[in-house]
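Asker: Pasting a structure below so you can have a look.
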Amino acid sequence: MAESVLPARAPASEPVAARRRALDVPVCLSIGWLALLVGLSIVGPLLPIPDPNAQDLVSMLAPPGEAHWLGADSLGRDVFARVLYGARISLTVGLGSVAIGLLVGGGLGMVAGYYRGWSEQMVMGFMNVLLAFPALILAITIVANLGGSLLNVTLAIGTLFVPAFARIARANTLVFRRREFVLVAQALGARDPRILLREILPNLVGPMLSYSLVMFAIAVLAEASLGFLGLSVPPPAPSWGSIISNERANLDTAPHVIFVPAAAIFLTVMSLNLLGERAQRAYDIRVHGK
Amino acid sequence: MSFARMRSRLLSLVLVVWGVTIATFVLANLMPGDPVLALLGEDATPENVAVWRAKLGLDQPLLVRYADWLLNALQGDFGASYRTEEQVFDMILHRLPVTVEILLLTQIVALAIAVPCGIYSAWRSGGHFDRAAMGTSLGLLSMPPFLIGILLIYLFSIQLGLLPATGYASLDEGVLENLQSLLLPVLALALAEIPVYLRLLREDMMQTLQQDYIAVARAKGMPPRRILLFHALRPSSFSLITVVGVNIGRLIGGAIIVEVLFALPGIGQLLIQSVYQQDFLVLQGIVLFVAVAFVLVNAAVDLLYTFLDPRTSHG
Numbered sequence: 022m023a024e025s026v027l028p029a030r031a032p033a034s035e036p037v038a039a040r041r042r043a044l045d046v047p048v049c050l051s052i053g054w055l056a057l058l059v060g061l062s063i064v065g066p067l068l069p070i071p072d073p074n075a076q077d078l079v080s081m082l083a084p085p086g087e088a089h090w091l092g093a094d095s096l097g098r099d100v101f102a103r104v105l106y107g108a109r110i111s112l113t114v115g116l117g118s119v120a121i122g123l124l125v126g127g128g129l130g131m132v133a134g135y136y137r138g139w140s141e142q143m144v145m146g147f148m149n150v151l152l153a154f155p156a157l158i159l160a161i162t163i164v165a166n167l168g169g170s171l172l173n174v175t176l177a178i179g180t181l182f183v184p185a186f187a188r189i190a191r192a193n194t195l196v197f198r199r200r201e202f203v204l205v206a207q208a209l210g211a212r213d214p215r216i217l218l219r220e221i222l223p224n225l226v227g228p229m230l231s232y233s234l235v236m237f238a239i240a241v242l243a244e245a246s247l248g249f250l251g252l253s254v255p256p257p258a259p260s261w262g263s264i265i266s267n268e269r270a271n272l273d274t275a276p277h278v279i280f281v282p283a284a285a286i287f288l289t290v291m292s293l294n295l296l297g298e299r300a301q302r303a304y305d306i307r308v309h310g311k
Numbered sequence: 272m273s274f275a276r277m278r279s280r281l282l283s284l285v286l287v288v289w290g291v292t293i294a295t296f297v298l299a300n301l302m303p304g305d306p307v308l309a310l311l312g313e314d315a316t317p318e319n320v321a322v323w324r325a326k327l328g329l330d331q332p333l334l335v336r337y338a339d340w341l342l343n344a345l346q347g348d349f350g351a352s353y354r355t356e357e358q359v360f361d362m363i364l365h366r367l368p369v370t371v372e373i374l375l376l377t378q379i380v381a382l383a384i385a386v387p388c389g390i391y392s393a394w395r396s397g398g399h400f401d402r403a404a405m406g407t408s409l410g411l412l413s414m415p416p417f418l419i420g421i422l423l424i425y426l427f428s429i430q431l432g433l434l435p436a437t438g439y440a441s442l443d444e445g446v447l448e449n450l451q452s453l454l455l456p457v458l459a460l461a462l463a464e465i466p467v468y469l470r471l472l473r474e475d476m477m478q479t480l481q482q483d484y485i486a487v488a489r490a491k492g493m494p495p496r497r498i499l500l501f502h503a504l505r506p507s508s509f510s511l512i513t514v515v516g517v518n519i520g521r522l523i524g525g526a527i528i529v530e531v532l533f534a535l536p537g538i539g540q541l542l543i544q545s546v547y548q549q550d551f552l553v554l555q556g557i558v559l560f561v562a563v564a565f566v567l568v569n570a571a572v573d574l575l576y577t578f579l580d581p582r583t584s585h586g
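Protein sequence lines correspond, in order, to chains A and B. Under our numbering, the first residue of the first sequence carries the number 22, and numbering increases by one thereafter. Under our numbering, the first residue of the second sequence carries the number 272, and numbering increases by one thereafter.
What follows is the structure, encoded as structure tokens:
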């Protein structure tokens, strides 16, 4: 299936290209933070930092210092290492769930929008059922049934994203299927898969990817929320949300243990939101400009 | 709205609710792990397990169980908790007022802050207030409610010592005590909703303010307050109203988390407890109840919308 074309382009490249003329400080900072986070997540195991699960009972709730750069939690585990490994979890869940949304939702939406008729009714009916569940409740139910693991959390959040991506894909496909170049392709005898993949899909990449950034931010928030409820990756794996919920009792004596993952969530989601909004705006301007 | 459209909407509503019951049942019954073993423990004797299977109806085929469950649920019988044998429906009804109060108060607080700020932001768009409001909005949008809640606890309970960090006082214990115990949770939820409402109203308001009749009103020398409140607000508030309704789904998610964070005895806490205790009949009942309520509220908002904006009923 050539839907796999979609996530191949780096999502962050969009806004850079759109705003190259004027140096935009918030955008640069956002890209910088995300690049740092991705970089550290990749090289994390190679860095000279303590093991995220190694307990060091001498330095329980230690404030930031030389041995532990950002302090230690209630079991003496290194906060920096835990937040860094938490970033790996957040980013994996984010990428995975957005990929699921793009592939499944995008595919279903294109089929519904292109063929119309009963397939559209089936798909959109199914989407309406999914949308009938408050998002977090659906995620909680899926994780509760499948059990908390990186894969299951990704599946649960990805499932939430399917209707949203399906709607966008369908709406855009509905517009493009009546455009001249599609009619010409049809008249030339191109088969449906070719029209969907070569004629329509390229036009969906822009709106879908700019939307993906915002959805990525939502995925990070959702993973943190599930982690806070103890329904993300099982302990001792350090999800940002579970670190915060586990160390809640020490908020008065060692707030840094909570504030560090909190800041990580905040900066990551804000960067993604900011880039996503810029990307959507840039895309809108392109569309209306023509 | 014509009768035919009303009928087709009602039909799709019924179909969606039916789909919701199937999805809920499938979700709660395709899980790996045996509820009977979860209830009795791994070392239960096979005879004991068989007795409980029969008692809970788990020895029946899936379709029969679905039909039984659906017929009972239609009559308000969601079954009884595996653990406490309490009726699930009673458990939900018992917890419902707390959650509904949180949701209502949150919407009131969020709108009370977002509407005036949104109007002023649109009126002086690009100004200091607008830029501050937009920046704050982006920041608040980047925090899940539990994070806002923890920051509020840190600020008001730990640093200032003004409010208790957790705990719930029911209305019977006094209205003031009740509101005080809900102040931080509602604020945490409202702060997450305000940016959504504010940005939406600001956007629509800015479009309205470019209309000719607003220019005419200004040229007549009508005071800005009157223009904004009596001429611009109503036509700018339609998408806000829709979103306030649709947003209830997001809010319910937030309410679950806030109930856990602040130890409030609402439906969210019950849901999480049922997950921890693998009490799947309770989980199934709550999910169905909340989803159906959510669908009905959305349908009601949809209907309200057509009354508020007569154009939609002809379109």
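Every residue gets a Cβ at the ideal spot worked out from N, C-alpha and C, and that includes glycine.
Closer than 9 Å, Cβ to any Cβ of chain B: which residues of the stretch 76-101 of chain A, in chain order?
Answerer: Answer set for the stretch 76-101 of chain A: empty.
Asker: Measure the Cβ-Cβ separation of residue 231 of chain A and residue 297 of chain A and say whether it is below 8 Å.
Answerer: A contact, by the Cβ cut-off of 8 Å.
Asker: Rounded to whole angstroms, what is the Cα-Cα separation between residue 207 of chain A and residue 131 of chain A?
Answerer: Each residue's alpha carbon lies about 16 Å from the other.
Asker: Pull up the DSSP beta-bridge partners for residue 93 of chain A, would you.
Answerer: DSSP, once it has assigned bridges, lists A:99 as partnering residue 93 of chain A.
Asker: Determine, using beta carbons only, whether residue 230 of chain B comes closer than 8 Å to chain A.
Answerer: There is simply no residue 230 of chain B to check, as chain B begins at 272 and stops at 586 in what is shown.
Asker: Quick check: the stretch 447-466 of chain B against the stretch 405-421 of chain B, are at least 3 beta-carbon pairs closer than 8 Å?
Answerer: A contact exists between the stretch 405-421 of chain B and the stretch 447-466 of chain B.
Asker: Look up residue 385 of chain B in the DSSP assignment and say whether it is helix, strand or coil.
Answerer: The answer is helix: DSSP assigns residue 385 of chain B an H, G or I state.
Asker: Beta-carbon separation of residue 244 of chain A and residue 110 of chain A under 8 Å?
Answerer: Cβ atoms of residue 244 of chain A and residue 110 of chain A: closer than 8 Å.
Asker: Comparing C-alpha positions only, which one of A:55, A:124, A:54, A:62 sits nearest to residue 107 of chain A?
Answerer: Ranking A:55, A:124, A:54, A:62 by Cα distance to residue 107 of chain A puts A:62 first.
Asker: Run the CB neighbour count on residue 353 of chain B, radius 10 Å, all protein chains shown included, and call it buried at 16 or more, exposed below.
Answerer: It is buried - the Cβ of residue 353 of chain B has at least 16 other Cβ atoms within 10 Å.
Asker: For residue 578 of chain B, does the count of other Cβ atoms within 10 angstroms reach 16, so buried, or fall short, so exposed?
Answerer: Classification of residue 578 of chain B: exposed, given that the 10 Å Cβ count is below 16.
Asker: Could you give the first and the last residue of the continuous alpha helix (DSSP H) run that contains residue 478 of chain B?
Answerer: Segment 446-479, the alpha helix (DSSP H) holding residue 478 of chain B.
Asker: Skipping 5 residues on each side, what residues in its chain have a beta carbon closer than 7 Å to that of residue 265 of chain A?
Answerer: Cβ neighbours of residue 265 of chain A beyond the five flanking positions: 249, 279, 282, 283.
Asker: Does the Cβ-Cβ distance between residue 351 of chain A and residue 283 of chain B come in under 8 Å?
Answerer: A question about residue 351 of chain A goes unanswered here, because the residues of chain A that appear run from 22 up to 311.
Asker: Compare the C-beta of residue 296 of chain B against all C-beta atoms of chain A and say whether one is closer than 8 Å.
Answerer: Chain A, which has no Cβ nearer than 8 Å to the Cβ of residue 296 of chain B, makes this no.
Asker: Mind listing the chain A neighbours of residue 290 of chain B? Cutoff is C-beta to C-beta under 8 Å, in chain order.
Answerer: What residue 290 of chain B touches in chain A: 146, 147, 149, 150, 153.
Asker: Rounding to the nearest angstrom, what Cα-Cα distance links residue 324 of chain B and residue 316 of chain B in this structure?
Answerer: In a straight line, the C-alpha of residue 324 of chain B is about 12 Å away from that of residue 316 of chain B.
Asker: Using three-state DSSP, classify residue 153 of chain A as helix, strand or coil.
Answerer: Correct three-state label for residue 153 of chain A: coil.
Asker: Considering only C-alpha positions, which residue in the set B:374, B:474, B:518, B:548 is nearest to residue 572 of chain B?
Answerer: When each option's Cα is compared against that of residue 572 of chain B, the closest is B:518.
Asker: For residue 195 of chain A and residue 528 of chain B, what's the separation of their Cα atoms in angstroms?
Answerer: The straight-line gap from Cα to Cα measures roughly 38 Å.
Asker: When burial is assigned at 16 or more other CB atoms within 10 Å of the CB, is residue 192 of chain A buried or exposed?
Answerer: The residue is exposed, with fewer than 16 neighbouring Cβ atoms inside 10 Å.
Asker: Considering only residues of the same chain and omitting the five flanking positions on each side of residue 507 of chain B, which have a CB-CB separation below 7 Å?
Answerer: Cβ neighbours of residue 507 of chain B beyond the five flanking positions: 472, 475, 476, 479.
Asker: From the DSSP output, which residues share a beta bridge with residue 351 of chain B?
Answerer: Paired residues: B:358.
Asker: Taking any Cβ of chain B, which residues in the stretch 157-171 of chain A have a Cβ under 9 Å from it, in chain order?
Answerer: So the list reads 157, 158, 159, 160, 161, 162, 163, 164, 165, 166, 167, 168, given in the order they occur along the chain.
Asker: Of the residues A:252, A:175, A:299, A:238, which one's Cα is nearest the Cα of residue 286 of chain A?
Answerer: With distances taken between Cα atoms, residue 286 of chain A lies closest to A:238.
Asker: Considering only residues of the same chain and omitting the five flanking positions on each side of residue 347 of chain B, which have a CB-CB separation below 6 Å?
Answerer: The residues are 360.
Asker: State whether the stretch 83-98 of chain A contacts the stretch 147-159 of chain A, with contact taken as three or more CB pairs (one from each stretch) at a distance under 8 Å.
Answerer: The stretch 83-98 of chain A is not in contact with the stretch 147-159 of chain A.
Asker: What residue range does the alpha helix (DSSP H) around residue 236 of chain B cover?
Answerer: Residue 236 of chain B lies beyond the stretch modelled for chain B, which goes from 272 to 586, so this question has no answer here.
Asker: Would you say residue 374 of chain B and residue 522 of chain B are within 8 Å of each other, going by their C-beta atoms?
Answerer: Yes.
Asker: Can you tell me whether residue 103 of chain A is buried or exposed? The criterion is at least 16 other CB atoms within 10 Å of its CB, across all chains shown.
Answerer: By the neighbour-count rule (16 or more Cβ atoms within 10 Å), residue 103 of chain A is buried.
Asker: With 7 Å as the C-beta to C-beta threshold (strictly closer), list the residues of the stretch 271-296 of chain A near chain B in chain order.
Answerer: Going along the stretch 271-296 of chain A in chain order, one finds 272, 273, 276, 279, 283, 286, 287, 290, 291, 294, 295 with a Cβ nearer than 7 Å to chain B.
Asker: Going by CA-CA distance only, name the one from A:101, A:49, A:217, A:259 that's closest to residue 190 of chain A.
Answerer: Among A:101, A:49, A:217, A:259, the Cα nearest to that of residue 190 of chain A is on A:217.
Asker: Is it the case that the Cβ atoms of residue 574 of chain B and residue 294 of chain A are separated by a distance below 8 Å?
Answerer: Taking 8 Å as the Cβ cut-off, residue 574 of chain B and residue 294 of chain A do not qualify as a contacting pair.
Asker: State yes or no: is the C-beta of residue 531 of chain B within less than 8 Å of the C-beta of residue 543 of chain B?
Answerer: It is a contact, given that the beta carbons lie within the stated cut-off.
Asker: Name the residues in the stretch 389-413 of chain B whose C-beta lies less than 8 Å from a C-beta of chain A; which are they?
Answerer: Within the stretch 389-413 of chain B, the qualifying residues are 409, 410, 412, 413.
Asker: Is any beta-carbon of chain A found at less than 8 Å from that of residue 276 of chain B?
Answerer: No, residue 276 of chain B lies away from the interface with chain A (no Cβ there is under 8 Å from its Cβ).
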